[in-house]
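Working notes, structure below.
What follows is the structure, given as structure tokens:
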């Protein structure tokens, strides 16, 4: 059980550390808003946060890295 928790924790840490710093800041801000906002406001905040993310080059840069990665042959 402890090993499973360690593996799951490591997977989460790796996923978070792979995200860009701006995305992490935006998500943290959004999570704080969701804690207290009514549903409609929370939905609007989520949409706005998504738009805010694209005010930087971070999404394009990270997606390009994903697209440029070596691919395994599926044959």
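Numbering (the UniProt record's numbering), first residue to last: 1 to 75. By construction, the Cβ of each residue, glycine as well, lies at the ideal position given by its N, Cα and C atoms. Just so you know, these numbers come straight off a predicted model, no measurement behind them.
Rounded separation between residue i and residue j - CA only
i: residue 35; j: residue 73; result: 44 Å
i: residue 76; j: residue 54; result: Past the edges of the chain, shown from 1 to 75, lies residue 76, and the structure says nothing about it.
i: residue 50; j: residue 13; result: 22 Å
i: residue 42; j: residue 29; result: 12 Å
i: residue 15; j: residue 40; result: 29 Å
Continuous alpha helix (DSSP H) stretch holding residue i: start and end
i: residue 56; result: Here residue 56 belongs to no alpha helix (DSSP H), and DSSP marks it neither H nor E.
i: residue 6; result: 2-18
Residue i - DSSP class collapsed to helix/strand/coil
i: residue 29; result: helix
i: residue 71; result: coil
Neighbour-count burial assignment, residue i, 16 or more Cβ in a 10 Å radius
i: residue 26; result: buried
Integer-rounded CB distance, given that residue j should sit under 8 Å from residue i
i: residue 8; j: residue 56; result: That belief does not hold up - the Cβ atoms of residue 8 and residue 56 are roughly 30 Å apart, past 8 Å.
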